[in-house]
Every structure is written in C-alpha cells, then in structure tokens.
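*Asks:* A single structure is presented below for examination.
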Amino acid sequence: MIRVYNTLTRQLEEFVTRDPGKVGMYVCGPTVQSEPHVGHGRAAVAFDVIRRYLTWRGYEVTCVRNVTDVEDKIIAAANETGESMEALAARMGARFAEAYRGLGVLDPDIEPKASEHIPEIIDLTQRLIDRGLAYAADGDVYFRVSALESYGKLSGVRPEELRAGYRIEVGEHKLDPLDFALWKGAKPGEPHWDSPWGAGRPGWHIECSVMAEKYLGMGFDIHGGGTDLIFPHHENEIAQSEGVSGATFARYWLHNGMVNLAGEKMSKSTGRVVDLLIILGGRGGQALRLLYLRAHYRSPIDYSEELLDEAEEALTRLHRFLERVTPGEPDAAALERFREVMDEDFATPEALSLAFDLVRDGNRLADAGEDASGIAGAVRVILDVLGLDDAWPAPDELPDVAPVAERFGVTSAGVAAIEELIEKRRVARAERRFDEADAIRSALAEAGIQLEDRPDGTRWVRG
RNA sequence: GGCGACGUGGCCGAGUGGUUAGGCACGGGUCUGCAAAACCCGGUACACCGGUUCGAUUCCGGUCGUCGCCUCCA
C-alpha cells in the first residue's frame, strides 16, 4: 500500500487512483521568465522520482507538466530585454529543458503551453461567468471569491481574514479585493488575443485548470508543485475547476519543500538564486540530484557548494560499487525493502540509506570473493528508480594526459596512453623501481586520473 | 497577527515509546612496496522546562529559536 501526504487533508493517506492501475499527474512547471535556478531543479526532480517510482510499481502513469508562457512577469522581462514575449518565453523554455535534461528528469508525456490553450481558457472563463462565479469589468474578468463557499480549503486561508490586508490596485476593476483575474484586458502594445471581453490575455491560474482537465480529466490523481504555490495558485485552480463543475479537481495535492540559501528561500523575486545551468555545467547533474534526494521531498533543504561536494562523494561510492560488481538478477528481499520505504510517501532518504547498506554488504561479499551480483542488481534498480542511473548525458571529456604521456615517453593518446602508462608502471613496480611507479601515478593524478592497484591489476578512474 | 513546518552527534539527514539509520568529515586498524579503493573498530545525538508512563529523543502542554505561505515564486 502506498501512502502519500495530501496537503488537502494535511495527513498521510492511502493512495487510491481514480482509475485502477493508472495515475494521472499534473506538475506545475515553470513560468518561463528567467533562468532556471536550483529550486526549480528540486521540484522537477521530486516529481520525476515520484513518477518513476509509480511506474516501477506498475502504474501506467500519464505525466503532464505545463509551461506557463503568457504572464505579466514575462511581459515585463521581455520589455527589459527588448524581445517579444514569445521570443523570451521560447528562449527560457529551452534553458529549462536543458536544465531538466542535465538533472536526468524524464520528459513529461505531455507538455502543454498556456499560449496554445487560449480558446479553452476563454471557454472556461465564460462558463464561470455563466455560473455566477465570475464577472467582466472593463475588459477584465474576475473570479468572485465570495461566491464559492469552499474557497480556502487547500491552503487554510479564511477570506474574511485575508480581506483585511488586501486592497484593490490602481487599474484593477475588482468588486472585492480577494477576487482574482481570469482574463486581463491588454494595454496598448501588450500581447493579446481576442475575446468576448475585448483584447487581452489569461490571468495566472486559469491555464492550469484548463490544461489539467483537458489532458487528465477531472478527478485526476496527483497535482504537484512547490509549497509556495499552495496559495494562491493551487487554491485558485481548485476554485476555478471545482466551482465550474462541482466535481473534485485533483485527488492528492503534493508539494515539495523549498531550497534555501544560508537558511533562506531561494527565490527569483529576491535575487537569492543559484543558477541551475551553471551548477550542472560545472559538475554534471547527478551530484545535485543526490543532494536533493538525501532529504525528504517535503522538507526544506539548504544548498551550498560544500553540501554538493558531499553528495558527489557519496555518489562516487555508489558508482564505484556498480563498477566493481556486475549487476545480476536483483536480490528480491532488497527490492522488497526498497518498496516498503518508498511506499511511505516516497522516502528517498531511507531508500538511499538502504542503497548504502547494500553497497557495504556487496563490497563485503566481493572482498570475500563471493557473489554480490544480486545485491548489485538491486542497487542498480534502486538507482534507476531514483534517476541516479547510467542513462545520463555523456560524461565529461577525458582529462588531457598528453603531457604525462610525453614525460614518460609514451606515444599513444587518450585511453591507450593511460593503459600504456599503467603498463610502464607495472614493469617499474615489478622491478621495484617505486620512484618511477609513484611518479607516473602522481602525474596521472594531477591530470585527473586516479590509479587503483587491485589483486587483478591496476584500474583507472576519473578523479 | 493568521495558517503551516521544524529544532537529532563536527556537518547533512532518517527514524522509533524500551534494542545500529545512512552519508560526508575525523581517529585507529586490516590489505598494500606505498597509496587509493574496500572492509573492521571508534563518539553516553536527539533545543529548554514541565506532564503522562515501569520507561520519552519519540506522546501531551508550555518556553525559546528557525523557516515557509498570507494576490512574484518550484
């Protein structure tokens, strides 16, 4: 039995899907207004693991992750760079795609864009007006929060308490400060589409209501996003979708914790961000992915270079083991334990703990000359499900060993040069010329190649 | 102020009413010409104060502190 923490009820609940054997999940993707940062990566990885795990558990998973490419912030950012909204959104969208690839995040089954669903957005807006839940005002359309009794059920906000702190901004035409825009009339020079209320564009929130229902239908299983989206974004999605239909929008609401920098939230608005692509470019995504997965997806985590270094060390331990022992038929008991911990709200820290336990057991067996292939097989499966597998972008270029080769009179290049150097060192060791042997080893180490002498010969690893 | 989460050993981070989390770092050892890797051994950790209990880090109450949301946000 899988149990998940549902923000809606604030407790762990048994996971029962709408359609037996199938999971529909909708993950709030980015608003493509600026470069992806480490916080975006965490959200993507959190739901990627959930998706991979549910798939591994035998569910047929349909994963939808949207791109919000029409939004005030994008327009503002585009005005600054002198681009069109479309051009900026496309450029940033490509950057997000690159970052997701670098983190080993699987492509969603469907990746809908807000800009491609304007007719459906207009339709939903009209239906909300028809039901008395929305009203047009001077080219804008607003959702009438007071008309929906259940408003606040996800976030726990109470409209009457909220109202005190809110005010209507200049240029808005709301009847109630709590009301939010479904459609915004375009100002001169702004991107716009025609609508029954004049030229304009969608408000934020409504595109998710439209796209989630279009591709997954009402009452789909998992709606995910960061905790910072609970209010107002997800609250308003529920208001729109459930208000117009009376049906349940999503069964389980899952939210990932924030990434902090020195204890405080990483956020676009404050400029406290670490650029995701710079990190990925520097050392590849797996270490960062492991850093994310060391903590439970709901907990806030801190990001720092030191923590990333640690994660990288830990990752190396896992990979070294799989390099050492060829995986065979996975050990069934180990997979059963993996299933147990992951069934409990996707407890990746415990899954990793298990993986490290298995690595120790496996190394012990291998040291004793016994068969560890079953354990290695289980480790391989666990890492696959966590997305820490081998299916990654090509590793970095081999370090340049040419200077080392030249110094020791080796004429070949690349891997062949390394192998030749190893042979040269073997001979030196056999003749007990350890000074030369150690010189070769330390020269290679400086170039980025570590040598390890084992009973069955010397091996090299990037280091 | 309202709502929510959380305070665990040098650092990160799980978990449990009484018995080993795990990783990283550190010290000792085995192996090795040396090293690396691997393995073994090593630290009376659960913010504070009360309460419930035979027994609490784990449950309850309070105190202090940290963080998130409260119409930008993953």
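As numbered in the numbering used here, residues 23 to 485 make up the first sequence, in order.
Where is the CB? At the ideal position from N, CA and C, for every residue including glycine.
In this text the structure is predicted, and so the values were computed from the model without any measurement.
#1: How is Ala309 classed by DSSP in three states: helix, strand or coil?
#2: In terms of residue numbering, what span does the alpha helix (DSSP H) encompassing His227 cover?
#3: Run the CB neighbour count on Thr147, radius 10 Å, all protein chains shown included, and call it buried at 16 or more, exposed below.
#4: Three Cβ pairs or more, each shorter than 8 angstroms: is that satisfied between the segment 352 to 360 and the segment 303 to 323?
#5: Would you call the CB atoms of Glu57 and Leu299 closer than 8 angstroms?
#6: Provide the residue span of the alpha helix (DSSP H) that contains Thr338, from first to last.
#7: Give the list of continuous alpha helix (DSSP H) stretches no shorter than 4 residues that lie fully inside the segment 346 to 414.
#8: DSSP state of Ala427, grouped into three classes?
#9: Check for me: the alpha helix (DSSP H) holding Arg87 runs from which residue to which?
#10: Can you grab the Cα-Cα spacing for the pair Lys209 / Tyr319, in whole Å?
#11: Alpha carbon to alpha carbon, what distance is there between Ile144 and Thr292?
#12: Go to Thr103, then tell me how far its alpha helix (DSSP H) extends in each direction, as first and last residue.
#13: Start and end of the alpha helix (DSSP H) containing Tyr319?
#14: Pull up the CB-CB distance for Pro52 and Val89, whole angstroms please, since I reckon it's below 8 angstroms.
#15: Using C-beta distances below 6 angstroms, list every residue in its chain close to Ala272, excluding the 5 sequence neighbours before and after it, in chain order.
#16: With respect to the beta strand (DSSP E) encompassing Ala203, which residues constitute its N-terminal and C-terminal limits?
#17: So what does Gln472 bridge to, in DSSP terms?
#18: Name the DSSP beta bridge partners of Phe242, please?
#19: On the criterion of 16 or more Cβ atoms from any shown chain inside 10 Å, does Tyr188 qualify as buried, or is it exposed?
#20: Quick check on this structure: which residue in Ser172, Gly174, Lys175, Gly154 has the alpha carbon closest to the alpha carbon of Phe165?
#21: Could you give the DSSP three-state label for Asp297: helix, strand or coil?
#22: For Ile190, is the classification buried or exposed, using 16 other Cβ atoms within 10 angstroms of its Cβ as the cut-off for buried?
#23: So who's on the other strand from Gly25, going by DSSP bridges?
#24: Within 10 angstroms of the Cβ of Ala486, are there 16 or more other Cβ atoms? Answer buried if so, exposed if not.
#25: Closer than 8 angstroms by C-beta to Leu251: which residues in its own chain qualify, once you throw out the five before and the five after it? Chain order, please.
#26: With H, G and I counted as helix, E and B as strand and the rest as coil, what does DSSP make of Met18?
#27: In terms of alpha-carbon separation, which member of Asp365, Ala461, Phe69 lies closest to Leu125?
#28: Can you check which of these residues, Ser137, Ala186, Leu197, Glu182, is closest to Asp160 by C-alpha distance?
#29: Give the secondary structure of Glu286 by DSSP, where H, G and I count as helix, E and B as strand, and everything else as coil.
#30: Taking C-alpha atoms, which residue in Glu441, Pro477, Glu133, Tyr325 lies nearest to Ile462?
#31: Among all the DSSP beta bridges, which residues are the ones paired with Val45?
#32: Pop quiz: Ala309 and Glu334 are said to be a contact at Cβ under 8 angstroms. What is the actual Cβ separation, rounded to whole angstroms?
#33: Buried or exposed: which applies to Met23, given that a residue is buried once 16 or more other Cβ atoms fall within 10 Å of its Cβ?
#34: Give a yes or no on whether the C-beta atoms belonging to Trp78 and Val407 are separated by under 8 angstroms.
#35: Taking only the alpha-carbon atoms, compute the straight-line gap between Ala121 and Ala66 and give it to the nearest angstrom.
#36: Would DSSP call Ile260 helix, strand or coil?
*Replies:* Quick look at the numbers:
#1: Ala309 falls in the helix class under three-state DSSP.
#2: Run containing His227: none; DSSP gives neither H nor E here.
#3: buried
#4: no
#5: Cβ distance < 8 angstroms, so Glu57 and Leu299 count as in contact.
#6: 327 to 346
#7: If we require 4 residues or more, the alpha helix (DSSP H) runs fully inside the segment 346 to 414 come out as 354 to 365, 370 to 389, 395 to 407.
#8: helix
#9: No alpha helix (DSSP H) holds Arg87; the beta strand (DSSP E) holding it covers 82 to 87.
#10: 41 angstroms
#11: 33 angstroms
#12: 94 to 103
#13: Counting along the chain, Tyr319 falls outside any alpha helix (DSSP H), and DSSP gives it neither H nor E.
#14: Rounded, the Cβ-Cβ distance is 7 angstroms, consistent with contact.
#15: Phe242, His245
#16: 202 to 207
#17: In the DSSP assignment, Gln472 forms a beta bridge with Val483.
#18: In DSSP, Phe242 forms a bridge with Ala272.
#19: By the 16-neighbour rule on beta-carbons within 10 angstroms, Tyr188 is exposed.
#20: Gly154
#21: strand
#22: exposed
#23: According to the sequence as given, residue 25 is Arg; it is not Gly. Arg25 pairs with Glu36, Glu366.
#24: No answer is possible for residue 486: it lies beyond the span of the chain, which begins at 23 and ends at 485.
#25: Cys50, His277
#26: Coverage of the chain is limited to positions 23 through 485, which leaves residue 18 absent and any answer about it impossible.
#27: Phe69
#28: Leu197
#29: strand
#30: Glu441
#31: Val83
#32: Under the criterion of beta carbons closer than 8 angstroms, Ala309 and Glu334 qualify as touching, at roughly 4 angstroms.
#33: exposed
#34: With a cutoff of 8 angstroms on beta-carbon distance, Trp78 and Val407 are scored as near each other.
#35: Each residue's alpha carbon lies about 10 angstroms from the other.
#36: helix
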